[in-house]
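Enquirer: Quick note, the sequences are listed as chains A and B, same order.
Numbering-wise (this note's numbering), the first sequence opens with residue -16 and increments by one.
Numbering-wise (this note's numbering), the second sequence opens with residue 3 and increments by one.
C-beta: ideal position from N, C-alpha, C; glycine also.
It should be emphasised that the depicted structure is a prediction, and the values quoted were computed from it without experimental measurement.
Okay, here's the structure, questions in a sec.
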Amino acid sequence: EAEVAQSPRYKITEKSQAVAFWCDPISGHATLYWYRQILGQGPELLVQFQDESVVDDSQLPKDRFSAERLKGVDSTLKIQPAELGDSAMYLCASSIGADLRETQYFGPGTRLLVL
Amino acid sequence: DQQVKQNSPSLSVQEGRISILNCDYTNSMFDYFLWYKKYPAEGPTFLISISSIKDKNEDGRFTVFLNKSAKHLSLHIVPSQPGDSAVYFCAASAQAGTALIFGKGTTLSVSS
């Protein structure tokens, strides 16, 4: 069964350092999402891609976060510099199309701890 | 301001009994609702959805009920099994294509 791949699974960094997370969506899925889930909260959308284009990045803290999906396949989410409040689970999801009613398939996530 | 609320952080049920997980929403523009299940160390998995044109959707042991006038939906699991123990997230979207909004989740524990 096809799955969304994410790496690394865990990342510990010191504040002010740069971190990067990678996501490989299910093959053929045009839409890719990055979510942040703070402990005790639900996932919150950071950025949505349709192929290589950003559809929604209204909740992405653009002063320190960046995301790209250059070839419309895999994607990288970067934080520079990391802050203590960035400690969270970063989830990647993909869906076949852009309609939010289409099922989103989530990867296992990257758990980030900023010290 | 939370648009999707799951007011019960946890629920404990015995195997074979019914589990009822509740979700309230405030945005009247929401017209599509989903439930996701999440096991530890895994990403959320889609469980069941319902459109606002319906008031009930059933899939095996899982049934979602929608009460639009009360802005309330619930997930019923009958009969509950120990493997159902997980965190359940309610999520909603609006027709305008805004982002999927998740609740904080309810942790279900089913004991044998």
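Would you report the Cα separation of residue 14 of chain B and residue 91 of chain B, rounded to the nearest angstrom?
Expert: Here residue 14 of chain B refers to the residue found at position 12 of the second sequence. Here residue 91 of chain B refers to the residue found at position 89 of the second sequence. Taking the straight line joining both Cα atoms gives about 16 Å.
Enquirer: Residue 94 of chain B bridges to which residues according to DSSP?
Expert: The sequence position of residue 94 of chain B within the second sequence is 92, counting from 1. Paired residues: B/35, B/103.
Enquirer: I believe residue 78 of chain A touches residue 14 of chain A by the beta-carbon criterion, under 8 Å. Please report the beta-carbon distance rounded to the nearest angstrom.
Expert: Counted from its first residue, the first sequence places residue 78 of chain A at position 95. Counted from its first residue, the first sequence places residue 14 of chain A at position 31. Between residue 14 of chain A and residue 78 of chain A the Cβ distance is about 5 Å, and since that is below 8 Å, they are a contact.
Enquirer: What residues of chain B sit near residue 8 of chain A, judged by a beta carbon separation below 7 Å?
Expert: In the first sequence, the residue the question calls residue 8 of chain A occupies position 25. Here the premise fails: no neighbours, minimum Cβ distance about 12 Å.
Enquirer: Does the count of Cβ pairs from the stretch 24 to 31 of chain B and the stretch 41 to 50 of chain B closer than 8 Å reach three?
Expert: Contact between the stretch 24 to 31 of chain B and the stretch 41 to 50 of chain B is absent, because fewer than three Cβ pairs lie under 8 Å.
Enquirer: Is residue 19 of chain A buried or exposed, if buried means 16 or more other CB atoms sit within 10 Å of its CB?
Expert: Start at 1 with the first residue of the first sequence, and residue 19 of chain A comes out as number 36. It is buried - the Cβ of residue 19 of chain A has at least 16 other Cβ atoms within 10 Å.
Enquirer: Does any residue of chain B have a CB that is nearer than 8 Å to the CB of residue 89 of chain A?
Expert: Position 106 of the first sequence, counted from the start, is the residue given in the question as residue 89 of chain A. Taking Cβ atoms only, chain B reaches closer than 8 Å to residue 89 of chain A, which makes this a yes.
Enquirer: Classify residue 84 of chain B as buried or exposed, calling it buried when 16 or more other Cβ atoms lie within 10 Å of its own Cβ.
Expert: Residue mapping note: residue 84 of chain B aligns to position 82 of the second sequence, counting from 1. That one is exposed.
Enquirer: What residues of chain B sit near residue 24 of chain A, judged by a beta carbon separation below 7 Å?
Expert: Here residue 24 of chain A refers to the residue found at position 41 of the first sequence. Per Cβ cutoff of 7 Å: 106.
Enquirer: Reducing DSSP to helix, strand and coil, say where residue 140 of chain A ends up.
Expert: No answer is possible for residue 140 of chain A: the residues shown for chain A start at -16 and end at 98.
Enquirer: Could you please give me the residues that DSSP links to residue 27 of chain A through a beta bridge?
Expert: Numbered from its first residue, the first sequence carries residue 27 of chain A at position 44. Residue 27 of chain A is bridged to A/19.
Enquirer: Within 10 angstroms of the Cβ of residue 86 of chain A, are there 16 or more other Cβ atoms? Answer buried if so, exposed if not.
Expert: Working through the first sequence from its first residue, we reach residue 86 of chain A at position 103. Exposed, because fewer than 16 other Cβ atoms sit within 10 Å of the Cβ of residue 86 of chain A.
Enquirer: Would residue 39 of chain A count as contacting chain B if we go by Cβ distances under 8 Å?
Expert: Position 56 of the first sequence holds residue 39 of chain A. For residue 39 of chain A, the answer is yes, since a Cβ of chain B falls inside 8 Å of its Cβ.
Enquirer: Ignore the nearest five residues each way along the sequence and tell me which others in residue 53 of chain A's own chain have a CB closer than 8 Å to its CB.
Expert: For the purposes of this step, residue 53 of chain A is identified with residue 70 of the first sequence, where counting begins at 1. Contacts found: 35.
Enquirer: From which residue to which residue does the beta strand (DSSP E) around residue 61 of chain A run?
Expert: On the first sequence, residue 61 of chain A is found 78 positions in, with the first residue counted as 1. Taken as a continuous stretch (DSSP letters only), the beta strand (DSSP E) holding residue 61 of chain A covers 58 to 62.
Enquirer: List the DSSP bridge partners of residue 26 of chain B.
Expert: As a position in the second sequence, residue 26 of chain B is number 24, starting the count at 1. In the DSSP output, where bridge partners are listed per residue, residue 26 of chain B has B/7, B/74.
Enquirer: Let me know if residue 56 of chain B comes out buried or exposed under the rule of 16 or more other beta-carbons within 10 Å of its beta-carbon.
Expert: Taking the second sequence and counting its residues from 1, one reaches residue 56 of chain B at position 54. When all chains shown are included, residue 56 of chain B counts as exposed.
Enquirer: Check each residue of the stretch 81 to 99 of chain B: if its Cβ is closer than 9 Å to any Cβ of chain A, include it; give the result in chain order.
Expert: Result list: 91, 92, 93, 95, 96, 99.
Enquirer: Can you list, in chain order, the residues of its chain with a C-beta nearer than 7 Å to that of residue 91 of chain A? Leave out the 5 residues immediately preceding and following it.
Expert: For the purposes of this step, residue 91 of chain A is identified with residue 108 of the first sequence, where counting begins at 1. Hits under 7 Å: -11, -8.
Enquirer: CB residue 95 of chain A to CB residue 2 of chain A, shorter than 8 Å?
Expert: Residue mapping note: residue 95 of chain A aligns to position 112 of the first sequence, counting from 1. Residue mapping note: residue 2 of chain A aligns to position 19 of the first sequence, counting from 1. Yes.
Enquirer: Does any C-beta atom of chain C lie closer than 8 Å to the C-beta of residue 44 of chain B?
Expert: Among the chains of the structure shown, chain C does not appear; the protein chains present are A and B.
Enquirer: Comparing C-alpha positions only, which one of B/103, B/102, B/77, B/95 sits nearest to residue 109 of chain B?
Expert: Along the second sequence, one-based indexing puts residue 109 of chain B at 107. The candidate whose alpha carbon is nearest that of residue 109 of chain B is B/77.
Enquirer: Alpha carbon to alpha carbon, what distance is there between residue 40 of chain A and residue 68 of chain B?
Expert: For the purposes of this step, residue 68 of chain B is taken as residue 66 along the second sequence, with counting starting at 1. For the purposes of this step, residue 40 of chain A is taken as residue 57 along the first sequence, with counting starting at 1. So the two alpha carbons sit approximately 30 Å from each other.
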